[in-house]
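Protein chains: 2
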Amino acid sequence: MARARKRLGRRPGESGTREAIAAAARRLFSERGYDRTTIRGIAEAADVDPALINHFFGSKQELFAAVTTFPVELADAMPRIAEGPRSRVGLRLAEFVLGALEDPETRRAITSLVRAATSEPEAARSVREIVTARVLTPIAETLAADQPKLRASLINSQMVGLVMARYILELEPLASLPREEVVEAIAPNLQRYLTGPLGLSG
Amino acid sequence: MARARKRLGRRPGESGTREAIAAAARRLFSERGYDRTTIRGIAEAADVDPALINHFFGSKQELFAAVTTFPVELADAMPRIAEGPRSRVGLRLAEFVLGALEDPETRRAITSLVRAATSEPEAARSVREIVTARVLTPIAETLAADQPKLRASLINSQMVGLVMARYILELEPLASLPREEVVEAIAPNLQRYLTGPLGLSG
Numbered sequence: 003m004a005r006a007r008k009r010l011g012r013r014p015g016e017s018g019t020r021e022a023i024a025a026a027a028r029r030l031f032s033e034r035g036y037d038r039t040t041i042r043g044i045a046e047a048a049d050v051d052p053a054l055i056n057h058f059f060g061s062k063q064e065l066f067a068a069v070t071t072f073p074v075e076l077a078d079a080m081p082r083i084a085e086g087p088r089s090r091v092g093l094r095l096a097e098f099v100l101g102a103l104e105d106p107e108t109r110r111a112i113t114s115l116v117r118a119a120t121s122e123p124e125a126a127r128s129v130r131e132i133v134t135a136r137v138l139t140p141i142a143e144t145l146a147a148d149q150p151k152l153r154a155s156l157i158n159s160q161m162v163g164l165v166m167a168r169y170i171l172e173l174e175p176l177a178s179l180p181r182e183e184v185v186e187a188i189a190p191n192l193q194r195y196l197t198g199p200l201g202l203s204g
Numbered sequence: 003m004a005r006a007r008k009r010l011g012r013r014p015g016e017s018g019t020r021e022a023i024a025a026a027a028r029r030l031f032s033e034r035g036y037d038r039t040t041i042r043g044i045a046e047a048a049d050v051d052p053a054l055i056n057h058f059f060g061s062k063q064e065l066f067a068a069v070t071t072f073p074v075e076l077a078d079a080m081p082r083i084a085e086g087p088r089s090r091v092g093l094r095l096a097e098f099v100l101g102a103l104e105d106p107e108t109r110r111a112i113t114s115l116v117r118a119a120t121s122e123p124e125a126a127r128s129v130r131e132i133v134t135a136r137v138l139t140p141i142a143e144t145l146a147a148d149q150p151k152l153r154a155s156l157i158n159s160q161m162v163g164l165v166m167a168r169y170i171l172e173l174e175p176l177a178s179l180p181r182e183e184v185v186e187a188i189a190p191n192l193q194r195y196l197t198g199p200l201g202l203s204g
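Shown next as C-alpha cells:
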C-alpha cells in the first residue's frame, strides 16, 4: 500500500523534486526578480512543501546561487570560440551567445541573473566572478591580447547591455531583430574589444 | 508666533519640501531599487509626513516617474553632439555621457532608472521611450544614417551595459578606469553603431 502511494506521487523521486524546485525558482526569479520571489511562492509553483526547499538548497540566497551557476557551463565552450581564425573570434562569440540565448531555459537563467544583479550584491558578485573570471578573461587570455581583464569587462558591458536591451527592456527594433542580424550588428564591436587597440586609434 | 514657528521650520517652503522629497526618493530608489523603496521610507529620509508625498507626487509609481524624467534634459545636448565632424561623433557622445555620469546626482538618477527598469515595467517604459525616442533616435536621425532606430537601440545596449558594468556590477578594471580611458575604449564602438555599416563588412 505504501508502495502504491509512492508510485502515485507526483514526483519520480529526490532528483525529480530537486529539479522541480530549481525550475520553479529559475522561472520566478526571472519573472519577479530576486526581491519579490519568496520561498513560499517557489514551493507553491513547484507543488512541494517549503521545508523541502530548505532541505535541498538552504536559504533563498543559496537557492538563488544554486540555480544561477549555469554560466560556468558556458565556460566549456570558450576554448572552441578562441580557436580558429583570430579575425573572426568576435563573430564566433556573438554567434555562440545569441545561440545560447535562443534557448528559453538559458535565456531565463541569464535574464534572471541580470535582473537580480541590479538589486542583490550576491548576484552581482556571481556575475562579476563567474562571467568575467571563468568565461571572458580566459578567452581574452587565450587570444594573448594585452589587458585581458579590461577587454573582459568591456565585452561584459556589451553582453549585459544586449541582454538588457533585447530581452528585458525589449527595445525595438533590436528586440525582434532576427538573431543573425543581431550577430552581424554586434560581432565587429566584440571583435574590437577582443583583439583591437583599445585607444582611439582603434 | 505662528510666523516665528514657520521660520524655524526645517523647510524653506513648498518648493523646498518638494525638492527634499524628490532628493530622498532618488537616493532610495537608487540604493534599494524600486521594489524595496517605500513611501514611508522616503518620508522618513526627507523628514516629512507621508501624506505630503501623496500631496506633491501621488502614488509611488508617479513619484518614481517624476524623479526619473531627467534624461529628457540630456536631449538638449544632442544637437551639439550631432554637430561637428561626423567621424568623431562617437567620441563626442562618449565624452558627453561619461561626463554626465561623473556628476553624483546624475549618476544616481541613471543607475536608479536602470535598476528599476529590470523589475518595473513602468521604469522599463521610461527607458525605452525617453532614452531611445528623445535622445538616441534624434541623434541617429540628425546624422542621416540608415536604420536610425536600430542604431539607437544598439547604442542604448552599450550605454546601459556600461552603466551596469562600471557603476552597478563594478566590474574591474572598468569600474576604476579613468574616465578618459573609458571614453577611448568605447568611442570607436559607438561610432560604428552611429555611422558604420551594421553588417559584417563593418
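Respectively, the protein sequence lines represent chains D and P. Under the working numbering, the first residue of the first sequence carries the number 3, and numbering increases by one thereafter. Under the working numbering, the first residue of the second sequence carries the number 3, and numbering increases by one thereafter. Backbone N, C-alpha and C define an ideal beta-carbon position, used for all residues, glycine too. What you are looking at is a predicted structure, and each value in this text was computed from that prediction instead of being measured.
Reference residue i; option with closest CA among the options
i: arginine 20 of chain P; options: P:Asp49, P:Asp105, P:Thr39 and P:Ala146; result: P:Asp49
i: leucine 164 of chain D; options: D:Thr134, D:Leu152 and D:Ile112; result: D:Ile112
i: leucine 173 of chain P; options: D:Arg82, D:Glu172 and D:Ala126; result: D:Ala126
i: serine 114 of chain P; options: P:Gly15, P:Val69 and P:Gly60; result: P:Val69
i: phenylalanine 59 of chain D; options: D:Ile23, D:Gly35 and D:Ile188; result: D:Ile23
i: leucine 103 of chain P; options: P:Arg168, P:Pro52, P:Leu196 and P:Glu16; result: P:Arg168
i: valine 184 of chain D; options: D:Arg109, D:Asn158 and D:Val99; result: D:Val99
i: alanine 67 of chain D; options: D:Glu85, D:Arg28, D:Ala47 and D:Pro190; result: D:Arg28
i: arginine 181 of chain P; options: P:Arg34, P:Leu93, P:Ala79 and P:Leu145; result: P:Leu93
i: alanine 147 of chain P; options: P:Tyr195, P:Pro87, P:Asn56 and P:Lys62; result: P:Tyr195
i: glutamate 46 of chain D; options: D:Ser61, D:Ala25, D:Gln63 and D:Arg88; result: D:Ala25
i: arginine 208 of chain P; options: P:Met166, P:Glu131 and P:Thr139; result: No answer is possible for residue 208 of chain P: it lies beyond the span of chain P, which begins at 3 and ends at 204.
i: aspartate 78 of chain D; options: D:Asn56, D:Leu176, D:Arg136 and D:Ile188; result: D:Arg136
i: valine 129 of chain P; options: P:Gly101, P:Val162 and P:Ser61; result: P:Val162
i: alanine 189 of chain P; options: P:Ala177, P:Ala84, P:Leu65 and P:Glu97; result: P:Glu97
Whole-Å CB distance - residue i paired with residue j, under 8 Å assumed
i: leucine 200 of chain P; j: glutamate 186 of chain D; result: 7 Å
i: valine 91 of chain D; j: glutamine 193 of chain D; result: 7 Å
i: serine 44 of chain D; j: leucine 54 of chain D; result: The question names serine, but residue 44 of chain D is isoleucine in the sequence shown. Not a contact, Cβ separation roughly 10 Å.
i: arginine 117 of chain D; j: serine 32 of chain D; result: 7 Å
i: isoleucine 170 of chain P; j: threonine 120 of chain D; result: 6 Å
i: aspartate 37 of chain D; j: aspartate 37 of chain P; result: 4 Å
i: arginine 88 of chain P; j: leucine 145 of chain P; result: 7 Å
i: asparagine 191 of chain P; j: asparagine 191 of chain D; result: 4 Å
i: proline 150 of chain P; j: threonine 134 of chain P; result: Going by Cβ atoms, the distance from proline 150 of chain P to threonine 134 of chain P rounds to 10 Å, so no, they are not a contact pair.
i: glutamine 63 of chain P; j: glutamate 124 of chain P; result: 5 Å
Local conformation of residue i per DSSP, three classes
i: proline 180 of chain P; result: coil
i: valine 50 of chain P; result: coil
i: leucine 171 of chain D; result: coil
i: aspartate 148 of chain P; result: coil
i: proline 199 of chain D; result: coil
i: isoleucine 188 of chain D; result: helix
i: isoleucine 44 of chain D; result: helix
Contact test: residue i Cβ vs the ligand FMN heavy atom, cutoff 7 Å
i: glycine 18 of chain P; result: Of ligands this structure carries none, so the ligand FMN is not represented either.
Counted within 10 angstroms of its Cβ, other Cβ atoms place residue i as buried (16 or more) or exposed
i: alanine 142 of chain D; result: buried
i: glutamate 2 of chain D; result: In this structure chain D extends from 3 to 204, so residue 2 of chain D is not present and cannot be described.
i: arginine 82 of chain P; result: exposed
i: serine 155 of chain D; result: buried
i: glycine 15 of chain P; result: exposed
i: arginine 42 of chain P; result: exposed
i: valine 39 of chain P; result: This sequence places threonine at residue 39 of chain P; valine is not what is there. Buried, because 16 or more other Cβ atoms sit within 10 Å of the Cβ of threonine 39 of chain P.
i: glycine 198 of chain P; result: buried
i: glycine 35 of chain P; result: buried
Endpoints, the alpha helix (DSSP H) within which residue i is located
i: proline 140 of chain D; result: 139 to 144
i: alanine 27 of chain P; result: 16 to 38
i: glutamate 122 of chain P; result: Where glutamate 122 of chain P is concerned, there is no enclosing alpha helix (DSSP H), given that its DSSP letter is neither H nor E.
i: leucine 65 of chain D; result: 62 to 69
i: glycine 86 of chain P; result: Premise fails: glycine 86 of chain P is in no alpha helix (DSSP H) and is neither H nor E.
i: arginine 94 of chain P; result: 91 to 104
Test: residue i CB closer than 8 Å to a CB of chain C
i: leucine 115 of chain P; result: No chain C is present in this structure, whose protein chains are D and P.
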